[in-house]
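Right, one structure below, let's go through it.
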């Protein structure tokens, strides 16, 4: 931040020296402020420091988050509702499988009942299917 | 290195503010020409720095504070403009010295009759020179004054000054050059070798 370290021409160097000399006089003058002013500035500084933003508190939410995660994973003794909510997906799976099984059984029963009904209502008696001659006739008919 | 090591501690922030507060007050006073207002602007700036940027690294504080102080001064002028649009500025009719204003010359002259101060005359002369320099600085156009004070008193470099003032580096150079020329000319006319 030194003004003399930047590449400047001779005129700028003279200007910089002049500016720095004037600023030096201002600096000396600023040291002799009345007590009332310096006290007001000190009070303002103290007040500002009281309102200073503190970031050391930022890691705390991270710790809280980790704590909550531990609770969710069961590191501490969970309550009744926590355990109950954990069992809900399992219960839903069991109910779903039972429903699917019942529906498939019912569908199979309907299919068998339909075959039985067709056999019973057909002109041909069901005992005809046990006759070897009739079975031979059916084979020949299928080949032709 | 932990993040906490890079951030300004309360002690560092205190040291920084302690180091800049007097210059900040004088700089603001040159702009607003009112002791109470200058104190308010500086206090407001310190508060904003601590409240919003108190966690920044110590290296970032000077630039942040310069920007905050410039903006706070600008806000003061905006408020004054609004107020002046409604009311007549009674201060225009007061003497330039201003009853409640701080005057270095007066402060030193008041103490000059102390017999224990052997160099009271030279002190008074120095105070008078300082007073004249301060008057000339107050007479500069606002942008020239701001550029000059940031560049030479706060010792910000061109880029930092340009960033704080929201203008190009070329503009800063022009403002500074004109300010130094005007100050040198005015002070030489008054018999002061700057």
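Chains as they are written, first to last, in this note's numbering: chain H, 201 to 344; chain E, -15 to 178.
Where is the CB? At the ideal position from N, CA and C, for every residue including glycine.
Among the residues facing chain H, residue 6 of chain E is included, as its CB has a counterpart in that chain under 8 Å away. Rounded to the nearest whole angstrom, the CA to CA distance from residue 343 of chain H to residue 334 of chain H is 14 Å.
Neighbours of residue 60 of chain E in chain H, taken as residues whose beta carbon is under 7 Å from its own, are absent, since the nearest beta carbon is some 15 Å off.
Counting every other CB atom within 10 Å of its CB across the protein chains shown gives residue 279 of chain H a total below 16, marking it as exposed. Listed along the chain, the chain E residues whose CB falls inside 8 Å of the CB of residue 227 of chain H are 7 and 137.
DSSP, read as helix, strand or coil, puts residue 229 of chain H in helix. Close to residue 31 of chain E, with beta-carbon spacing below 8 Å, are these residues of chain H in chain order: 244, 247, 248 and 251.
Below the 7 Å Cβ cutoff, chain H contributes 252 and 253 as neighbours of residue 38 of chain E, in chain order. Each residue's CA atom was taken as its position, placing residue 243 of chain H and residue 25 of chain E some 14 Å apart. Burial state of residue 318 of chain H is exposed, judged by a 10 Å Cβ sphere holding fewer than 16 other Cβ atoms. Assigned with DSSP and collapsed to three states, residue 152 of chain E falls in coil, not helix or strand. Chain-order list of chain H residues neighbouring residue 132 of chain E: 219, by C-beta distance under 7 Å. Residue -7 of chain E carries a coil assignment under DSSP once its states are collapsed to helix, strand and coil. Of all C-beta pairs linking the segment 119 to 132 of chain E to the segment 29 to 37 of chain E, fewer than three are shorter than 8 Å, placing the two stretches out of contact. Cβ atoms of residue 225 of chain H and residue 117 of chain E come within 8 Å of each other, at about 6 Å. 8 Å or more divides the Cβ of residue 30 of chain E from the Cβ of residue 223 of chain H. The closest CA to that of residue 61 of chain E, considering only E/18, E/41 and E/50, is found on E/18. In the DSSP assignment, residue 30 of chain E falls within the alpha helix (DSSP H) that extends over 19 to 37. Residues of chain H whose Cβ lies closer than 9 Å to the Cβ of residue 27 of chain E are, in chain order, 240, 241, 243, 244, 245, 247 and 248.
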